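Protein chains: 2
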Amino acid sequence: MDTSKISQLINKQKEKPEHIHQPHFNLEAQVNSGRIKNTHNNYTMKKHNYSAGPCILPQDVFEKSAQAILNFNGMDLSLLEISHRDKAFVSVMEEARALALELLGLEGKGYQALFLHGGASLEFLMVPYNLMKENGKAAYLDTGTWASGAIKEAKHFGETLVIASSKPENYNHIPKNYTIPSDANYFHCTSNNTIFGTQMKSFPETNIPVVCDMSSDIFSRSLDFSKFDLIYAGAQKNMGPAGVTLVIVKEEILGKTSRYIPSMLDYQQHIDKESMYNTPPVFAVYTSLLTLQWLKKMGGIAAIEKINEAKANLLYAEIDRNPLFKGTAVKEDRSNMNATFVLNDKSHTEIFDQLWKAAGISGLTGHRSVGGYRASMYNALPLESVQVLVDVMKDLENKI
Amino acid sequence: MDTSKISQLINKQKEKPEHIHQPHFNLEAQVNSGRIKNTHNNYTMKKHNYSAGPCILPQDVFEKSAQAILNFNGMDLSLLEISHRDKAFVSVMEEARALALELLGLEGKGYQALFLHGGASLEFLMVPYNLMKENGKAAYLDTGTWASGAIKEAKHFGETLVIASSKPENYNHIPKNYTIPSDANYFHCTSNNTIFGTQMKSFPETNIPVVCDMSSDIFSRSLDFSKFDLIYAGAQKNMGPAGVTLVIVKEEILGKTSRYIPSMLDYQQHIDKESMYNTPPVFAVYTSLLTLQWLKKMGGIAAIEKINEAKANLLYAEIDRNPLFKGTAVKEDRSNMNATFVLNDKSHTEIFDQLWKAAGISGLTGHRSVGGYRASMYNALPLESVQVLVDVMKDLENKI
């Protein structure tokens, strides 16, 4: 196909009804009221944002967090300039901690929620510091790049058993039928693997504490979260902007090691200080609260799970139906958050890339470890955006 | 003085020309242009914000960061939803790192600037991890709560010598005439002590690496920054919102210890990854860049230093002149960032508190360790705000 034909196709694609609209914000009201009011409800998508993270958040959250920067809580001060000890922010932190537990169904079950600095990568270190005993050992499941990052840090603390790994198959599936040693101090797994598009659909039963990195699928599906003893998640997928990490910890698993734990890495110290051991990342915590409030209003995890399933089903059905495409993850382990796929014929790359970009889609390029494409369908991505992608895939088939 | 008299005074105070104005933001332009334009220059103070940190930032920075949340860089995407690997954010990180070095006069001198997670409290741990040799030792100057927090963490790594301390005098001065052992791995000090209102006016000469926590006075005064080997600063005073820490490190001091350093705590790994070892706190980095750009436009550190001196001179002159007040820090060590003072007669507390609150001042209450008042006069606090406080102090004297 020559270049002029590609251009024709792209122009044709552009003639379709516009999926992209400019946002219509009106912050003028603040001038009169002293605080900003939301005077409209006609939010529309700016782009179909498939970014793997940081990623799309609800449009309403963007507007509210921008408002808080101009004037927080009617205080005539920016959210960024108030003390974190101000009661207005203390109540943000308290509500965020309580709401995280509520949404996971963990209130009153001995868990604490913490909003910490450092990203999930710092948790790779905090987990063994807090849970691996001196001369102890831990069991890790190796399902991808981040799991293997966690393993790397744990190795410096004690015996770190990799009890199963899908690395030889470039992490295209979740290992099964492994045994968790009952004398390990904890079992660590990664529930969703953004890069490889795989997701754990079930979790093993074990008598030792279960630690799970849920960075890329927390709050996206119903699970019995009380089967986990420690859950951590960098905010920048389903919870908020980059710069804060949610840690959910069952308090009874702490204090079992005699190892020295530096203050900033000690979960118990953060619990004792109500997640304010040092100045928290105020903006990221507040924006996470806004996102959790949005989720609650949507109907919580059970409601968003249905939408996430609909989005994933729609896209995977097209990947499987369309002869031009192929999924890269083993079907039974496919992630509802990140769908990874490739073109069967690489010579279609240029035209496909131009088509999806012309449709207002962004962030679809796959990670270099897998190549091809990755459609990240986090909570805030509307079904409409998935339909747009599916339409583009059909268009490509029709025109080739 | 009875309550009705207090009310009269406060009403009289309120009759004064209004110091507080509503902000006049007009973000309407974005609806037409697809990105927000700053259509006005009449920023006025909302409050006279003396918060000790997080604290006031330039009003222009608040508006620009709010705009970026709605639509970043004309991309039709929020700053919060783009990948940190997107070239638009990579260039933010690069500019912020370069501008920090430029403002400090450290370009081309072997230094690296990093924007890290964790706050200065994580640096208390990273410094000994990276610099204290196995069986080595370090020398610390104890000038307040934060210095003592740094000492506490270092003690777990090796011999931690507290070579001088002003603790017995409740940290009301900076110790002098101490000796730094030439065989220590490094010397650590805290340039400004927010809680106690003291500031190091000079720094010792030594042949060992000098590490300085400049969280509360970085970018506020001219110093020969090349005399320091490692400078760190939580952003939330003169640089940006809470949630990011600037680290300036002379690369040649790294790699001298055989100690194992966890990846997230290893300065060299952060340098090798160009300050993107893991997902950075995108919003806090961008807002820090806006603040650094504002400082450069103001004329850099030399220009802001003059304004900071004028503010401090104005306030300290009133503290010393007004018979109702007394400064708590030794005069020669007074901080230009945080002025701590008390009422000589505590029975004036209620009326003074009502007067400054009525004048639109916020955040003046002193830290519980010192009591009384603390006026934090960071870079973004205008001289006008200090004049308002001085006027209130004079009013109190006139009416008592």
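Chains E and L supply the protein sequences, listed in that same order.
Per numbering that gives the first Met the number 0, numbering of the first sequence is gapless, rising by one per residue and ending at 399.
Per numbering that gives the first Met the number 0, numbering of the second sequence is gapless, rising by one per residue and ending at 399.
Think of the CB as a built atom: it goes at the ideal place given N, C-alpha and C, for glycine as much as any other residue.
Treat the numbers as computed from the prediction; the structure is a model and nothing was measured.
Review point. Mapping DSSP to helix, strand and coil, what is Ser120 (chain E)?
Key: For this step, residue 120 (chain E) is matched to residue 121 along the first sequence. Helix, per DSSP.
Practice item. Give a yes or no on whether the minimum CB-CB distance between Gly362 (chain L) and chain E is below 8 Å. Key: Counting from one through the second sequence, the residue named residue 362 (chain L) turns up at place 363. Look at Gly362 (chain L): its C-beta is under 8 Å from a C-beta on chain E.
**Study point:** Contact under 8 Å by Cβ, Leu76 (chain E) with Lys46 (chain L)
**Key:** Position 77 of the first sequence, counted from the start, is the residue given in the question as residue 76 (chain E). Position 47 of the second sequence, counted from the start, is the residue given in the question as residue 46 (chain L). Cβ distance < 8 Å, so Leu76 (chain E) and Lys46 (chain L) count as in contact.
Check your understanding: If you check the beta carbons only, do Gly242 (chain E) and Ala283 (chain E) fall under 8 Å apart?
Key -> Along the first sequence, one-based indexing puts residue 242 (chain E) at 243. Along the first sequence, one-based indexing puts residue 283 (chain E) at 284. If you check the CB distance, Gly242 (chain E) and Ala283 (chain E) come in under 8 Å.
Check your understanding: Would DSSP call Asn321 (chain L) helix, strand or coil?
Key -> Position 322 of the second sequence, counted from the start, is the residue given in the question as residue 321 (chain L). In the three-state scheme derived from DSSP, where H, G and I count as helix and E and B as strand, Asn321 (chain L) is classed as coil.
Review point. Count the other CB atoms within 10 Å of the CB of Pro280 (chain E); is the residue buried (16 or more) or exposed (fewer)?
Key: As a first step, residue 280 (chain E) is located in the first sequence; it is residue number 281 there, counting from the start. Per the 10 Å Cβ criterion, buried.
Check your understanding: What is the rounded straight-line gap between the Cα of Leu103 (chain L) and the Cα of Met131 (chain E)?
Key -> One-based indexing of the second sequence puts residue 103 (chain L) at position 104. One-based indexing of the first sequence puts residue 131 (chain E) at position 132. Rounded to the nearest whole angstrom, the C-alpha separation of Leu103 (chain L) and Met131 (chain E) is 42 Å.
Exercise for review: Indicate the three-state DSSP secondary structure (helix, strand or coil) for Glu106 (chain E) in the structure shown.
Suggested key: Here residue 106 (chain E) corresponds to residue number 107 of the first sequence, with the count starting at 1. Reduced to three states, the DSSP call for Glu106 (chain E) is coil.
Check your understanding: What's the call for Asn348 (chain E), buried or exposed, on a 16-neighbour Cβ count within 10 Å?
Key -> Translated into positions along the first sequence, residue 348 (chain E) becomes position 349. This sequence places Thr at residue 348 (chain E); Asn is not what is there. Exposed, because fewer than 16 other Cβ atoms sit within 10 Å of the Cβ of Thr348 (chain E).
Review point. Which chain E residues are close to Lys46 (chain L), counting only those with a beta carbon under 7 Å from its beta carbon?
Key: If you number the second sequence from 1, residue 46 (chain L) lands on position 47. Neighbours of Lys46 (chain L) on chain E, chain order: Asp75, Leu76.
Check your understanding: Measuring CA to CA, which of L:Gly107, L:Ala99, L:Trp145 is closest to Ser120 (chain L)?
Key -> Within the second sequence, the letter at position 121 stands for residue 120 (chain L). In terms of Cα proximity to Ser120 (chain L), the closest of L:Gly107, L:Ala99, L:Trp145 is L:Trp145.
Review point. Count the other CB atoms within 10 Å of the CB of Arg84 (chain E); is the residue buried (16 or more) or exposed (fewer)?
Key: Here residue 84 (chain E) refers to the residue found at position 85 when the first sequence is read from its first residue. When all chains shown are included, Arg84 (chain E) counts as exposed.
Practice item. Taking Pro53 (chain E) as the query, report the chain L residues whose CB atoms sit under 8 Å from its CB, ordered along the chain. Key: On the first sequence, position 54 is the one that residue 53 (chain E) refers to. Within 8 Å Cβ-Cβ: Leu79, Glu80, Ile81, Ser82, His83, Thr278, Val281.
Point to revise | chain L contact residues for His155 (chain E), given Cβ-Cβ distances below 8 Å | key: Here residue 155 (chain E) refers to the residue found at position 156 of the first sequence. Listed along chain L, the residues sitting closer than 8 Å to His155 (chain E) by beta-carbon distance are Tyr259, Pro261.
Practice item. Please name the residue in E:Met125, E:Phe340, E:Lys310 whose C-alpha comes closest to that of Ile247 (chain E). Key: On the first sequence, residue 247 (chain E) is found 248 positions in, with the first residue counted as 1. Checked all of E:Met125, E:Phe340, E:Lys310; the closest Cα to Ile247 (chain E) is E:Met125.
**Study point:** Coil, strand or helix - Phe114 (chain L) by DSSP
**Key:** The residue labelled residue 114 (chain L) in the question sits at position 115 within the second sequence. In the structure shown, Phe114 (chain L) adopts extended strand secondary structure according to DSSP, grouped into three states.
Practice item. Please report the Cβ distance between Leu100 (chain L) and Glu106 (chain L), rounded to the nearest whole angstrom; I am assuming they are in contact, meaning their Cβ atoms lie under 8 Å. Key: Along the second sequence, one-based indexing puts residue 100 (chain L) at 101. Along the second sequence, one-based indexing puts residue 106 (chain L) at 107. Approximately 5 Å separates the beta-carbon atoms of Leu100 (chain L) and Glu106 (chain L); this is inside 8 Å, confirming the contact.
Exercise for review: Only counting runs of 3 or more residues, tell me where the beta strand (DSSP E) segments fall wholly within the segment 290 to 373 of chain E, in order along the chain.
Suggested key: DSSP assignment within the segment 290 to 373 of chain E yields the following whole beta strand (DSSP E) runs of 3 residues or more, N-terminal first: 324 to 326, 337 to 342.
**Study point:** Where the beta strand (DSSP E) through Asp141 (chain L) begins and ends
**Key:** Taking the first residue of the second sequence as position 1, residue 141 (chain L) is located at position 142. Note, Asp141 (chain L): beta strand (DSSP E), 136 to 141.
Exercise for review: Count the other C-beta atoms from every protein chain shown that fall within 10 angstroms of the C-beta of Ile35 (chain E), then say buried if there are 16 or more, exposed otherwise.
Suggested key: Your numbering for residue 35 (chain E) matches position 36 in the first sequence. At Ile35 (chain E), the pLDDT of 25 sits below 50, so the modelled position is not reliable and the matter cannot be decided from this model.
Practice item. Just mark Ser361 (chain L) as buried or exposed, buried being the case when its beta carbon has 16 or more other beta carbons within 10 Å. Key: The residue labelled residue 361 (chain L) in the question sits at position 362 within the second sequence. Flag for Ser361 (chain L) reads buried.
Review point. Is it right to say Asn192 (chain E) is buried, meaning 16 or more other beta carbons lie within 10 angstroms of its own, or is it exposed?
Key: Taking the first sequence and counting its residues from 1, one reaches residue 192 (chain E) at position 193. Answer is buried; the Cβ neighbour count reaches 16.
**Study point:** Residues near Pro322 (chain E) by beta carbon distance below 8 Å, same chain, minus five either side
**Key:** Here residue 322 (chain E) refers to the residue found at position 323 of the first sequence. Excluding residues within five positions, the ones whose Cβ falls inside 8 Å are Asn343, Glu396.
Exercise for review: Taking all protein chains shown into account, decide if Leu382 (chain E) is buried (16 or more other Cβ within 10 angstroms of its Cβ) or exposed.
Suggested key: Translated into the one-based positions of the first sequence, residue 382 (chain E) becomes position 383. It counts as exposed.
Practice item. Under 8 Å by Cβ, that's how I've got Pro408 (chain E) and Thr290 (chain E) pegged, so tell me the actual separation to the nearest angstrom. Key: In this structure chain E extends from 0 to 399, so residue 408 (chain E) is not present and cannot be described.
Check your understanding: Straight-line CA distance for Ser368 (chain E) to Ser64 (chain E)?
Key -> Stepping through the first sequence from its first residue, residue 368 (chain E) is reached at position 369. Stepping through the first sequence from its first residue, residue 64 (chain E) is reached at position 65. Whole-angstrom Cα-Cα distance: 34 Å.
Check your understanding: Is Asp59 (chain L) helix, strand or coil when you go by DSSP?
Key -> Sequence index remark: in the second sequence, residue 59 (chain L) carries index 60 (1-based). Three-state DSSP puts Asp59 (chain L) in a helix.
Check your understanding: So, does the CB of Glu158 (chain L) fall closer than 8 Å to a CB anywhere in chain E?
Key -> On the second sequence, residue 158 (chain L) is found 159 positions in, with the first residue counted as 1. For Glu158 (chain L), the closest Cβ of chain E is not nearer than 8 Å.
Point to revise | Residue of L:Val60, L:Leu69, L:Glu62 minimising C-alpha distance to Phe61 (chain E) | key: Position 62 of the first sequence holds residue 61 (chain E). Ranked by how close their Cα comes to the Cα of Phe61 (chain E), the residues L:Val60, L:Leu69, L:Glu62 have L:Leu69 in first place.
**Study point:** Nearest-angstrom Cβ-Cβ length linking Ile179 (chain E) and Ile207 (chain E), presumed shorter than 8 Å
**Key:** Locating residue 179 (chain E) in the first sequence gives position 180, where the first residue counts as 1. Locating residue 207 (chain E) in the first sequence gives position 208, where the first residue counts as 1. Their Cβ separation, rounded to whole angstroms, is 7 Å, which keeps Ile179 (chain E) and Ile207 (chain E) in contact under 8 Å.
**Study point:** 8 Å Cβ cut-off: residues of chain E touching Ser64 (chain L)
**Key:** In the second sequence, the residue the question calls residue 64 (chain L) occupies position 65. Those within 8 Å of Ser64 (chain L) in chain E are Ile68, Leu79.
Exercise for review: For Arg96 (chain L), count neighbouring Cβ atoms within 10 angstroms of its own Cβ and tell me buried if that reaches 16, exposed if not.
Suggested key: Here residue 96 (chain L) refers to the residue found at position 97 when the second sequence is read from its first residue. Buried is the call here.
Check your understanding: Within the 8 Å Cβ cut-off, does Glu152 (chain L) reach chain E?
Key -> The count along the second sequence starts at 1 and reaches residue 152 (chain L) at position 153. Yes, its Cβ sits closer than 8 Å to a Cβ of chain E.
Review point. So what's Val243 (chain E) in DSSP terms, helix, strand or just coil?
Key: Sequence index remark: in the first sequence, residue 243 (chain E) carries index 244 (1-based). Val243 (chain E): coil per DSSP, three-state reduction.
Check your understanding: Starting from Tyr266 (chain L) and walking both ways along the beta strand (DSSP E), at which residues does that stretch end?
Key -> Walking along the second sequence from the start, residue 266 (chain L) turns up at place 267. Where Tyr266 (chain L) is concerned, there is no enclosing beta strand (DSSP E), although the alpha helix (DSSP H) around it starts and stops at 266 to 271.
Exercise for review: Flag Pro240 (chain L) as yes if its beta-carbon sits less than 8 Å from any beta-carbon of chain A, otherwise no.
Suggested key: This model lacks chain A altogether; the protein chains it does include are E and L.
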